[in-house]
Each structure stands twice: as structure tokens, then as C-alpha cells.
Amino acid sequence: MKFCSAEHVSDQELLDVLNAAFSDYLIPMRHTDRSLAQMFRQRSFCRSSTIVAKAEGRLVSFWFIGRRDTQAFLVASGTRPEWRRRGLNEQIAQRVISGLKGQGASVLRLEVFRDNQAAVALYEKIGFVVKRKLDLYEIPPGTMEPLPGVDTASWSDVSEMLQAHRDWQPSWLYENESLSAIQDDLDCHCIRSQGQIVGSAAVIRSSNTLAQIAVRPSARRRGMARRLIAHAASKAPKTAMRIINVDASDAAFKTLLTACGARENKGQFEMALPLG
Ligand SMILES: CC(C)(COP(=O)(O)OP(=O)(O)OC[C@H]1O[C@@H](n2cnc3c(N)ncnc32)[C@H](O)[C@@H]1OP(=O)(O)O)[C@@H](O)C(=O)NCCC(=O)NCCS
1336 MKFCSAEHVS DQELLDVLNA AFSDYLIPMR HTDRSLAQMF RQRSFCRSST IVAKAEGRLV
1396 SFWFIGRRDT QAFLVASGTR PEWRRRGLNE QIAQRVISGL KGQGASVLRL EVFRDNQAAV
1456 ALYEKIGFVV KRKLDLYEIP PGTMEPLPGV DTASWSDVSE MLQAHRDWQP SWLYENESLS
1516 AIQDDLDCHC IRSQGQIVGS AAVIRSSNTL AQIAVRPSAR RRGMARRLIA HAASKAPKTA
1576 MRIINVDASD AAFKTLLTAC GARENKGQFE MALPLG
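Structure follows, in C-alpha cells:
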């Protein structure tokens, strides 16, 4: 068994081992060259912090890592089904953690489905702790009628407004830095009043995912969020709109989504391991 960083590993090898490890996942998942490239861009993938295990001429286990300043993120982890329960993923984790400590990283964060018992057990064994619960929703196609008064905007029109007026920090995947990296795949919508943007939403077009939404506090309780969601959902009337990684402690947002006809799916934990 050989462990090494991903610096001299091709994207094709990374794609192969990712798809093999996720072939029996809780939610069916198969990446293509294109979706892998987007995943890496959005999550700030870092080859030198990523560790893989190689045996019999191919990759068998991995921890893909993203880096931003002193923060690190577990982009994906997995082991081919026939190589599981041999301690491989845990050994990779320990190598990743000691590498990140050596590079001065302060924290390693991750997201995991609450039902993924194998992965949750692994992360807890390593010392990760749950920071918050993240809920996932879906608005079935055709649930919402378009509502008037919503304009198209660019990411640069709405990014600062979203950052200033959202109530909680988005998860790594939906932070402003993540969305800036994939802005060619964003549809942004806004509501203006007296020349000022008072509400806005950013949607990832390729997956029809509502990534961020915010309404200025002075303009709340006037149906703006509902209008933005209805407008955004009506842009792809045949596809369900996904709303991923909603902070579960935000009861008002849950009420809004329920009023929009959203159904709740399996939720996640956001976990973190301090490295300092
Ligand atoms: C989760 C996964 C990466 C574990 O890989 P692995 O190489 O089999 O893990 P290891 O052998 O290193 O296991 C280390 C520890 O993890 C935990 N663990 C791993 N698999 C487990 C299982 N099926 N049930 C319960 N605990 C499990 C145990 O604590 C284990 O330590 P132990 O053997 O001393 O009990 C693997 O099951 C996988 O690829 N799953 C599909 C992809 C996935 O879910 N990735 C995570 C997404 S967030």
C-alpha cells in the first residue's frame, strides 16, 4: 500500500476512485469530468493537502481536501467497497491531519449525512465534533407560480448584499468564495426598492440549487423571500429546486420553505476538528 498526495495523480484517477467509493452511497451519485471540475473549483480543492492510497496499480481510498487561508474542508472521502474495513481511510485521515497541522491550518471542517453511520463513526473516532445540523429540502417542480417584481441581477450586484444580510454563515459549499468560483453557473435574482436591492437570491443553474437568499431586515415580513423563491423556481419549471444546508436552528426559514411547498430530505451534520 502506498500513500501519497494528489500532486502527481490525474483527474481521471481521482474521478474513478470517487465514483467507485460512492457507487453504493446513500444517495446515488456519479460524477463526470465536468461535475468533478466544478466540485473542485467550488470547494477550493488543494492537491497538495489531499492524500490517496494506491494498491495493485490503482487508487483505492482517498481524502480530497479544500483549503482557504487557515481553514481546510473535507471535499470528499471514500474507499472502494472491496477495500473497506481495513483501516485505510483512517490512516489517510491521520496523514491529512498531520500534513494540515504542518502547513499551519487551524481547523478542518466537513459535512456528512446524519444517516451515514460508517462515516459519522469514522469522524467521531478521529475527534470531529458536530457544530450544527444542516437541513435539506426540495420544492417539487410546478409547485410555485412566478410572482412579479423580481429582476435578474449579476453575482457582483448581489454578493455583498447577501453577505451583509443573511442570518447565518452558509456552509463551505455556499460561502461567497465558493459561489464566486462558479459564477458562470449562477442565476441571481433581486427585488429593488427606491434604487436599492432589498432582497436577493443566488441559484446554481446546473443543479437548480438555491445557494443563498437574504432580505434586508427593514424589508422583512412583506413576502419578498417567497417572491424570490417563486421567481427562481419558475425559471426551471420541470426540475425540483433544491435547498441545501439550511441551518436547522432557523425556525423562520423552515416555516418559509414549508409555505413554499418544500419537502424535507435527509439532513447533514456540519463537523469540525480544531488543528491548533
Ligand atoms: C466511510 C468510509 C470512507 C470508511 O472507509 P474505510 O476505509 O472502510 O474505513 P476504515 O477501515 O479506515 O474505518 C475506520 C473507522 O471508521 C469506522 N467505520 C468504518 N466503516 C464502518 C462501518 N461500516 N460501520 C461502523 N463504523 C465504521 C470505525 O470506527 C472504524 O474503526 P474500527 O475498524 O476500529 O471500528 C467508507 O465506508 C466509504 O467509502 N463509504 C462510502 C462513501 C462515503 O460515505 N464517504 C463519506 C462521505 S461524507
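Okay, so the sequence shown: first residue is 1336 according to this note's numbering, each after it adds one.
Backbone N, C-alpha and C define an ideal beta-carbon position, used for all residues, glycine too.
Grab the span of the alpha helix (DSSP H) containing residue i for me, first residue to last.
{"i": "Phe1397", "result": "Note, Phe1397: premise wrong, no alpha helix (DSSP H); beta strand (DSSP E) at Arg1393 to Arg1403."}
{"i": "Val1493", "result": "Trp1490 to His1500"}
{"i": "Met1559", "result": "Met1559 to Ser1569"}
Following the continuous beta strand (DSSP E) through residue i, name the residue where it begins and the one where it ends.
{"i": "Asn1580", "result": "Met1576 to Asp1582"}
{"i": "Asn1600", "result": "Arg1598 to Pro1609"}
{"i": "Glu1473", "result": "Val1464 to Ile1474"}
{"i": "Ile1548", "result": "Thr1544 to Val1550"}
{"i": "Ser1528", "result": "Leu1521 to Ser1528"}
Rounded to whole angstroms, what is the Cα-Cα separation between residue i and residue j?
{"i": "Leu1376", "j": "Asp1351", "result": "The amino acid at residue 1376 is misidentified as Leu; the sequence shows Arg. When rounded, the distance between both Cα atoms is 18 angstroms."}
{"i": "Gln1452", "j": "Ile1532", "result": "43 angstroms"}
{"i": "Asn1543", "j": "Ile1578", "result": "9 angstroms"}
{"i": "Glu1473", "j": "Val1395", "result": "33 angstroms"}
{"i": "Cys1525", "j": "Pro1476", "result": "22 angstroms"}
{"i": "Arg1436", "j": "Ile1461", "result": "Note that residue 1436 is Lys in the sequence shown here, rather than Arg. The straight-line gap from Cα to Cα measures roughly 15 angstroms."}
{"i": "Pro1609", "j": "Ala1537", "result": "31 angstroms"}
{"i": "Asn1424", "j": "Asp1502", "result": "36 angstroms"}
{"i": "Thr1367", "j": "Asp1346", "result": "11 angstroms"}
{"i": "Asp1520", "j": "Leu1371", "result": "14 angstroms"}
{"i": "Ile1432", "j": "Glu1446", "result": "16 angstroms"}
{"i": "Val1344", "j": "Lys1468", "result": "34 angstroms"}
{"i": "Cys1356", "j": "Glu1417", "result": "It is Ala, not Cys, that sits at residue 1356 in the sequence shown. Their backbone Cα atoms lie some 9 angstroms apart in a straight line."}
{"i": "Met1576", "j": "Lys1337", "result": "42 angstroms"}
Going by DSSP in three states, residue i sits in which element: helix, strand or coil?
{"i": "Ile1539", "result": "strand"}
{"i": "Val1431", "result": "helix"}
{"i": "Phe1357", "result": "coil"}
{"i": "Ser1370", "result": "helix"}
{"i": "Ala1587", "result": "helix"}
{"i": "Thr1414", "result": "strand"}
{"i": "Ala1594", "result": "helix"}
{"i": "His1630", "result": "The requested residue 1630 is not part of the displayed model; the chain covers only 1336 to 1611."}
{"i": "Ile1461", "result": "helix"}
{"i": "Gly1437", "result": "helix"}
{"i": "Arg1444", "result": "strand"}
{"i": "Ile1517", "result": "coil"}
{"i": "Ile1386", "result": "strand"}
{"i": "Gln1452", "result": "helix"}
{"i": "Gln1531", "result": "strand"}
{"i": "Leu1423", "result": "helix"}
For residue i, count neighbouring Cβ atoms within 10 angstroms of its own Cβ and tell me buried if that reaches 16, exposed if not.
{"i": "Thr1590", "result": "exposed"}
{"i": "His1500", "result": "buried"}
{"i": "Pro1363", "result": "exposed"}
{"i": "Pro1505", "result": "buried"}
{"i": "Ala1587", "result": "exposed"}
{"i": "Arg1540", "result": "exposed"}
{"i": "Ala1390", "result": "exposed"}
{"i": "Arg1365", "result": "exposed"}
{"i": "Ser1535", "result": "buried"}
How close, in whole Å, do the beta carbons of residue i and residue j come, if the pair is a contact with beta carbons under 8 angstroms?
{"i": "Gln1603", "j": "Leu1471", "result": "7 angstroms"}
{"i": "Asp1486", "j": "Arg1551", "result": "Wrong, their Cβ atoms sit about 16 angstroms apart, outside the cutoff."}
Checking contacts by CB at 8 angstroms: is residue i closer than that to chain D?
{"i": "Ser1569", "result": "No chain D appears in this structure, which consists of one protein chain only."}
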